[in-house]
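One line per chain: the protein sequences are A and B, in this order.
Numbering-wise, the first sequence is residues 1 to 322 according to UniProt numbering.
Numbering-wise, the second sequence is residues 1 to 316 according to UniProt numbering.
Even glycine gets a Cβ: it sits at the ideal position worked out from N, Cα and C.
Bear in mind that the values here come from a model prediction, so they are computed numbers and not experimental data.
Shown next, in structure tokens, is the structure this report addresses.
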Amino acid sequence: VRVFSFFNVSPVQWLVQVGASAGKALPQRVKIVEVGPRDGLQNEKTLVPTEVKIHLIDMLSEAGLPVIEATSFVSPEWVPQMADQVEVMKGINRRPGVSYPVLTPNLKGFQAAVKAGAAEVAIFGAASELFSKKNINCSVDESLQRFEEVTKAAKEAGVRVRGYVSCVLGCPYEGQVSPDKVAQVAKRLYSMGCYEISLGDTIGVGTPGGMAELLEAVSREVPVDALAVHCHDTYGQALANILIALQMGISVVDSSVAGLGGCPYAQGASGNVATEDVVYMLHGLGIQTGVDLPKLMDAGAFICRSLNRKTSSKVAQATCKL
Amino acid sequence: VLLALTHEYPEYVKIVEVGPRDGLQNEKEMVPTGVKIQLIDMLSETGLPVIEATSFVSSKWVPQMADHTEVLQAIHRSSHVRYPVLTPNMHGFQDAVAAGATEVAVFGSASETFSRKNINCSIDESILRFEEVICTAKQRQIPVRGYVSCALGCPYEGPIESTKVAEVVKRLYELGCYEVSLGDTIGVGTPGSMAKMLHSVKKEVPSSALAVHCHDTYGQALANILTALQMGICTVDSSVAGLGGCPYAQGASGNVSTEDVLYMLHGMGIKTGVDLSKVIEAGDFICKALNRKTNSKVAQARGDNSMHCRMKKINT
Chain A
1 VRVFSFFNVS
11 PVQWLVQVGA
21 SAGKALPQRV
31 KIVEVGPRDG
41 LQNEKTLVPT
51 EVKIHLIDML
61 SEAGLPVIEA
71 TSFVSPEWVP
81 QMADQVEVMK
91 GINRRPGVSY
101 PVLTPNLKGF
111 QAAVKAGAAE
121 VAIFGAASEL
131 FSKKNINCSV
141 DESLQRFEEV
151 TKAAKEAGVR
161 VRGYVSCVLG
171 CPYEGQVSPD
181 KVAQVAKRLY
191 SMGCYEISLG
201 DTIGVGTPGG
211 MAELLEAVSR
221 EVPVDALAVH
231 CHDTYGQALA
241 NILIALQMGI
251 SVVDSSVAGL
261 GGCPYAQGAS
271 GNVATEDVVY
281 MLHGLGIQTG
291 VDLPKLMDAG
301 AFICRSLNRK
311 TSSKVAQATC
321 KL
Chain B
1 VLLALTHEYP
11 EYVKIVEVGP
21 RDGLQNEKEM
31 VPTGVKIQLI
41 DMLSETGLPV
51 IEATSFVSSK
61 WVPQMADHTE
71 VLQAIHRSSH
81 VRYPVLTPNM
91 HGFQDAVAAG
101 ATEVAVFGSA
111 SETFSRKNIN
121 CSIDESILRF
131 EEVICTAKQR
141 QIPVRGYVSC
151 ALGCPYEGPI
161 ESTKVAEVVK
171 RLYELGCYEV
181 SLGDTIGVGT
191 PGSMAKMLHS
201 VKKEVPSSAL
211 AVHCHDTYGQ
221 ALANILTALQ
231 MGICTVDSSV
241 AGLGGCPYAQ
251 GASGNVSTED
261 VLYMLHGMGI
271 KTGVDLSKVI
281 EAGDFICKAL
291 NRKTNSKVAQ
301 ARGDNSMHCR
311 MKKINT
């Protein structure tokens, strides 16, 4: 077993060497995409009043997060939590320099989003056929065709589109998912015009080995600068997986304030990784995020009080003086 | 071509299970002796190679460990498992040996203030105390494991110089500890500080004689363990069900969960010899006995009625 040695490394360089992967250092800056208000709240059982959602987003804007996923333009029949999508979009204080993407599963949703003032949208593909069928009632190909309509319209309207691929490290129905399949779907989303593709470990089953393998496959098809990781912490693996991703050149990380959003496939289990815990790790590594951790924790405390639930963030728990 | 992994990982990682001692010691509920024994017996069936069984400290200080002799004498000792016990001084060591201990552990600190507040003496004084224990243990051919606490930060002093950690580790190793476990006592470490600390320590002591004991108080444990593995460490301490909160932050978590560590290692193809589902069972048992929820995310995900239970297993 080859043991790493850091001979003749200057005190400053050791930090760079830690993350070295084929000559690349850890990123100096990481962009955090805050998905709490959408992905987080969508997966919380308690229905949240519109003013609370707006206040949460405003607090997150003040915390320095550069991207905050605000809401979702899906039919309220499917996702009642997001029924107030238009009101939320119109009610938030949009901070200059901050992006507020919204989910748009189809052309209809896209049109409603633009009408409500959205400047960036997001579309969701799956790397698993079964998951696609069970989740949105169509095959992966059919869903991609649907999204092509959206990306075309978005291009014409000058609206940016972010792509998501779910089940990248495992599927609740299919089990193992091939990294090449993920790469194919990511490539199609990227070719359609998505500026960034977020790779989602939807059920949190991934581990660092699988993450490395996945990123190797996907980065052959999509430039690593256009990739993000969206790790779930259902098996406690999220931060380790994020660390590996950083070591492989990823510099965009999705997370959810207070770790909002449980796992719909495991009652009581956790879902999204907590933004506070991610930021703690990044700052500890000397990586800049622009995020003010105390203000972020305030936002987390606020939404947990409103939801009457405990935070899922360990950093928030550790600093709680109760 | 971007290489998938320029890191090499150990083929095998030894897990040191500290739940019955470090874990239970930091739980508020007093645990009946019978329960402790059953927990250790269940853990002995999982394939864990090392299980820290109890602590020969004065029961005045640590009432939870008052039944140390009874526990050590009543457990079914598997021939594949080692059962170290804590011995803070000669008195404890003698009691431990009389009770049948075949391996002991001593605890130093990298922080002066922590040492004074925790065991009422300076680092130097504590090491003198351990020297006696280690010498006597050597004569009796009883292996001694060393621990260094506050390796990545101290609740009183804040950040700790990695060179100071290296100094204390070196002293314990040179005195005769076969292995030294580096403890992130308050869980404040991140991969950056872990790497820096290991870089200093490895200059003084071979990686094969080092272990990491990460606390998950800030959720950083697995990322820190991963970093340690990347730097050649192949022994990891953990606690079933993540037993043992943090005495410095009420309500916060402490030890990293054995189940979550195993999940990561097995997922990476690293062998441990441990059966994860049996550890989950042991965790279930002790949590019921303690009337508390598990801290292990893997155990939570695979709990009853969970779809994850019925899912095709990707990582076992």
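Cα-Cα separation between residue i and residue j, rounded to whole angstroms
i: E132 of chain B; j: A96 of chain B; result: 15 Å
i: E276 of chain A; j: T71 of chain A; result: 21 Å
i: H7 of chain B; j: G259 of chain A; result: 30 Å
i: L229 of chain B; j: G242 of chain B; result: 20 Å
i: P191 of chain B; j: V278 of chain A; result: 12 Å
i: G158 of chain B; j: A211 of chain B; result: 22 Å
i: A154 of chain A; j: H230 of chain A; result: 23 Å
i: G163 of chain A; j: I197 of chain A; result: 5 Å
i: I244 of chain A; j: L226 of chain B; result: 9 Å
i: I250 of chain A; j: S58 of chain B; result: 51 Å
i: V62 of chain B; j: Q25 of chain B; result: 7 Å
i: E87 of chain A; j: V256 of chain B; result: 43 Å
i: P37 of chain A; j: S139 of chain A; result: 28 Å
i: I40 of chain B; j: G100 of chain B; result: 16 Å
i: K310 of chain A; j: N93 of chain A; result: 27 Å
i: E34 of chain A; j: G187 of chain B; result: 25 Å
i: S75 of chain A; j: G204 of chain A; result: 27 Å
i: Q250 of chain B; j: P105 of chain A; result: 44 Å
i: M211 of chain A; j: K60 of chain B; result: 49 Å
i: Q300 of chain B; j: E27 of chain B; result: 19 Å
i: S126 of chain B; j: F114 of chain B; result: 12 Å
i: S296 of chain B; j: G254 of chain B; result: 11 Å
i: S21 of chain A; j: M248 of chain A; result: Residue confidence is low: S21 of chain A scores 35 on pLDDT, short of 50, so the model does not pin down where it sits. Its coordinate-derived value is still stated next. Whole-angstrom Cα-Cα distance: 6 Å.
i: R129 of chain B; j: A299 of chain A; result: 49 Å
i: Y83 of chain B; j: I142 of chain B; result: 12 Å
i: K278 of chain B; j: A98 of chain B; result: 32 Å
Proximity test, residue i beta-carbon vs the ligand PLP heavy atom, cut-off 6 Å
i: V140 of chain A; result: In the structure on display, the ligand PLP does not appear, and there are no ligands present to speak of.
Expected contact under 8 Å - CB spacing of residue i and residue j to nearest Å
i: I75 of chain B; j: P49 of chain B; result: Actually they are not in contact, since the Cβ atoms of I75 of chain B and P49 of chain B sit about 15 Å apart, beyond 8 Å.
i: V165 of chain B; j: A110 of chain B; result: 4 Å
i: G47 of chain B; j: S239 of chain B; result: With 8 Å as the limit, G47 of chain B and S239 of chain B do not qualify as a contact, their Cβ atoms being about 16 Å apart.
i: S270 of chain A; j: S312 of chain A; result: 5 Å
i: A60 of chain A; j: V257 of chain A; result: What sits at residue 60 of chain A in the sequence shown is Leu, not Ala. The Cβ separation is near 6 Å, so the contact holds.
Sub-7 Å separation of residue i and residue j beta-carbons
i: A113 of chain A; j: F147 of chain A; result: no
i: A217 of chain A; j: D254 of chain A; result: no
i: I123 of chain A; j: V79 of chain A; result: no
i: T217 of chain B; j: E17 of chain B; result: no
i: V177 of chain A; j: A127 of chain A; result: yes
i: Y100 of chain A; j: L130 of chain A; result: no
i: F56 of chain B; j: V85 of chain B; result: yes
i: Y173 of chain B; j: V205 of chain B; result: yes
i: residue 344 of chain A; j: K31 of chain A; result: Nothing in the structure corresponds to residue 344 of chain A, since chain A is present only between 1 and 322.
i: T87 of chain B; j: F93 of chain B; result: yes
i: H213 of chain B; j: G189 of chain B; result: no
i: R145 of chain B; j: A105 of chain B; result: yes
i: K314 of chain A; j: E62 of chain A; result: no
i: A289 of chain B; j: M42 of chain B; result: no
i: Y265 of chain A; j: V298 of chain B; result: no
i: A209 of chain B; j: E167 of chain B; result: no
i: V185 of chain A; j: G125 of chain A; result: yes
i: T185 of chain B; j: C150 of chain B; result: yes
i: C234 of chain B; j: V71 of chain B; result: no
Option nearest residue i by Cα separation, candidates the options
i: L215 of chain A; options: A:V79, A:G236, A:V168 and A:T202; result: A:V168
i: H68 of chain B; options: B:H80, B:I51 and B:K36; result: B:K36
i: Y147 of chain B; options: B:S193, B:V236 and B:N26; result: B:V236
i: G193 of chain A; options: A:N43, A:A126, A:K152 and A:R220; result: A:K152
i: G108 of chain B; options: B:A98, B:A289 and B:C121; result: B:C121
i: R95 of chain A; options: A:I54, A:Q81 and A:T104; result: A:I54
i: I286 of chain B; options: B:Y9, B:E29, B:A151 and B:E11; result: B:E29
i: T207 of chain A; options: B:D284, B:M268 and B:N291; result: B:M268
i: A240 of chain A; options: A:S219, A:V222, A:G209 and A:R220; result: A:G209
i: Y303 of chain B; options: B:I280, B:G244 and B:M231; result: According to the sequence displayed, residue 303 of chain B carries Gly and not Tyr. Ranking B:I280, B:G244 and B:M231 by Cα distance to G303 of chain B puts B:I280 first.
i: L276 of chain B; options: B:Y263, B:A252 and B:M197; result: B:Y263
i: H232 of chain A; options: A:E213, A:A274 and A:R220; result: A:A274
Next item on the list: Only counting runs of 4 or more residues, tell me where the alpha helix (DSSP H) segments fall wholly within the segment 192-250 of chain B, in order along the chain.
Entry: 221-230
Next item on the list: Taking only runs that begin and end inside the segment 75-148 of chain A, name each unbroken alpha helix (DSSP H) of 4 or more residues, in chain order.
Entry: 85-91, 107-115 and 129-136
Item checked: In chain order, each alpha helix (DSSP H) run of at least 4 residues that lies wholly inside the segment 99-163 of chain B -> 112-119 and 123-139
Next item on the list: Closer than 8 Å, Cβ to Cβ, to anything on chain C: give me those residues from the segment 101-120 of chain A, in chain order.
Entry: This model lacks chain C altogether, as its protein chains are A and B.
Margin query: Suppose only complete runs of 4+ residues qualify. What are the alpha helix (DSSP H) ranges in the segment 269-298 of chain B, listed by chain order?
Written below: 276-290
Next item on the list: Please go through the segment 160-220 of chain A and give each complete alpha helix (DSSP H) segment of 4 or more residues, from N-terminal end onward.
Entry: 179-192 and 208-218
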